[in-house]
Amino acid sequence: MKKITLEELLKGKSSASYREQYAYVTGLMDKGKILPMKSAKSNGKSPALPLRFWLVTPERDDSRYRNELSFDLDPRISPDYYLRHMAIYEKDRPFVLKLSDYLRNHSEDLRTEVSENERSFAIWQEEKFLQKGSGFRILKNCGIDPSVLSFYPTSEPLAYYSADRIPGQNILMIENKDTFFSMRKALLDGKKEIFGRPIGTLIYGAGKGIWKSLDDFELCVEPYMRDPKNHYLYFGDLDYEGIGIYDKVREIFGNVDRKIAPFHEAYEKMVDKAEVIGFDRLPKTREQQNRSIGDEFFFCFDEKTRRQMREILEKGLYIPQEILNILDF
Numbered sequence: 001m002k003k004i005t006l007e008e009l010l011k012g013k014s015s016a017s018y019r020e021q022y023a024y025v026t027g028l029m030d031k032g033k034i035l036p037m038k039s040a041k042s043n044g045k046s047p048a049l050p051l052r053f054w055l056v057t058p059e060r061d062d063s064r065y066r067n068e069l070s071f072d073l074d075p076r077i078s079p080d081y082y083l084r085h086m087a088i089y090e091k092d093r094p095f096v097l098k099l100s101d102y103l104r105n106h107s108e109d110l111r112t113e114v115s116e117n118e119r120s121f122a123i124w125q126e127e128k129f130l131q132k133g134s135g136f137r138i139l140k141n142c143g144i145d146p147s148v149l150s151f152y153p154t155s156e157p158l159a160y161y162s163a164d165r166i167p168g169q170n171i172l173m174i175e176n177k178d179t180f181f182s183m184r185k186a187l188l189d190g191k192k193e194i195f196g197r198p199i200g201t202l203i204y205g206a207g208k209g210i211w212k213s214l215d216d217f218e219l220c221v222e223p224y225m226r227d228p229k230n231h232y233l234y235f236g237d238l239d240y241e242g243i244g245i246y247d248k249v250r251e252i253f254g255n256v257d258r259k260i261a262p263f264h265e266a267y268e269k270m271v272d273k274a275e276v277i278g279f280d281r282l283p284k285t286r287e288q289q290n291r292s293i294g295d296e297f298f299f300c301f302d303e304k305t306r307r308q309m310r311e312i313l314e315k316g317l318y319i320p321q322e323i324l325n326i327l328d329f
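In the working numbering, the protein residues as written are 1 to 329.
So this is what it looks like as structure tokens:
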């Protein structure tokens with residue numbers, strides 16, 4: 001039982017007459033849904049009503065659900081969590097039953113790996129139930145490892161432009177859209193080199209979006225892009241975030257024995273143009289950037305360029321890729 005006031009009981013009945021309110025409250029008492037507190041004072045009206053009550057909640061009968069959890073679900077589902085949290089099971093039950101039904105009647109389908117959203121729809125008829133719903137929580141509560149459902153996550157496909165498909169080329173990843181479009185236009189206009197470096201393919205990284213896309217690099221790109229003779233380059237904003245993106249790309253590539261380096265000719269051109277403008281006229285670094293970056297990026301440049309880059313960053317300034325345009329390319 002829990003305490004409840006007369007005022008709380010009569011919420012939603014403020015427009016009713018007192019006689020109607022009295023009949024409503026005494027009706028609840030007659031049905032055993034509330035009990036007047038012995039120490040409660042009266043509301044002072046005639047006929048009087050206590051100001052405080054005990055709200056009686058009937059004891060749950062969970063025997064049906066306990067039997068269902070213990071005997072009716074697919075044996076791969078562990079009932080332990082829900083047996084300890086019956087109120088949560090009552091809420092999750094429709095989703096648990098759908099999972100059990102799928103495991104019991106569609107095990108053959110699990111031999112073939114499908115996308116996360118496709119498997120989610122097959123089980124729960126909601127394509128985003130795993131990705132944005134409660135799917136992973138349900139799996140955890142049921143003691144089911146997600147790998148049992150045999151699905152793979154999907155990312156946005158890489159956007160890229162191929163000037164040629166000859167293995168052994170320079171493949172350049174670009175952080176920002178404007179620079180990707182401008183460099184692509186230069187290549188489409190017949191340029192073979194950018195800052196003296198032959199470029200065969202441009203990849204649009206979309207900032208940090210490149211991280212997830214690269215997880216599927218081996219699966220989603222054309223065969224020539226995976227050729228071990230290729231050279232991979234990266235070009236982004238000269239700020240903490242841009243360097244951090246490069247560091248993460250280098251780590252991802254390192255996990256599959258690929259190497260990537262900064263497109264140092266482009267970065268050097270950025271610094272040269274910024275020096276002409278005046279470093280103090282550069283924009284301020286955006287707030288809340290993670291300033292934890294390694295030294296590997298800077299090792300790719302000569303001592304003068306390294307010093308200039310660090311000076312810019314330490315002053316809380318940055319150079320956007322957009323300092324360069326098609327006239328430079």
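All residues carry an ideal CB built from backbone N, CA and C; glycine is no exception.
- Please go through the same chain and pick out, in chain order, the residues whose beta-carbon is closer than 8 Å to the beta-carbon of Phe279, but skip the five residues on each side of it. Gln308, Glu311, Ile312, Lys315 and Leu317
- Task: Can you tell me which of Asp72, Leu6 and Gly196 puts its alpha carbon nearest to the alpha carbon of Lys45?
- Result: Leu6
- Identify, in the order they occur along the chain, each residue of the same chain with its Cβ nearer than 7 Å to the Cβ of Leu264, setting aside the five sequence neighbours on each side. Checking the sequence shown, residue 264 turns out to be His, not Leu. Excluding sequence neighbours, His264 sits near Cys300 and Phe301.
- Using CA coordinates, which residue listed in Arg137, Ser115 and Asn230 is at the minimum distance from Glu127? Ser115
- Task: Please list, in chain order, all residues of the same chain as Pro75 whose beta carbon is under 6 Å from its beta carbon, the five residues on each side excluded.
- Result: none
- Which term fits Ala266, buried or exposed, when burial requires 16 or more other beta carbons within 10 angstroms of its beta carbon? buried
- Message: By alpha-carbon positions, which one of Ser150, Arg104 and Lys140 ends up nearest to Thr112?
- Response: Ser150
- Query: What are the uninterrupted segments assigned as beta strand (DSSP E) that are 3 or more residues long and contained completely in the stretch 149–194, given in chain order?
  - Reply: 159–162 and 170–174
- Provide the residue span of the beta strand (DSSP E) that contains Tyr224, from first to last. No beta strand (DSSP E) contains Tyr224, which DSSP labels as neither H nor E.
- Message: My assumption, with CB atoms under 8 Å, is that Arg306 sits in contact with Phe298. Please give the rounded CB distance.
- Response: 5 Å
- Query: Which of helix, strand or coil does DSSP assign to His85?
  - Reply: coil
- With 16 other Cβ atoms within 10 Å as the buried cut-off, status of Gln288: exposed
- Where are the alpha helix (DSSP H) runs, 4 residues long or more, that stay fully inside the stretch 18–55, in chain order? 18–30
- Per the contact definition of three or more C-beta pairs closer than 8 Å, is the stretch 6–21 in contact with the stretch 59–74? no
- Message: So, does the stretch 189–208 touch the stretch 251–261, judging by three or more C-beta pairs under 8 Å?
- Response: no
- Buried or exposed (CB count within 10 angstroms, at least 16 for buried), Asp257: exposed
- Item | C-alpha gap between Lys269 and Thr179, whole angstroms | 14 Å
- Message: Spatial neighbours of Ala159 within its chain, please: C-beta separation below 6 Å, excluding the five flanking residues on both sides.
- Response: Tyr204
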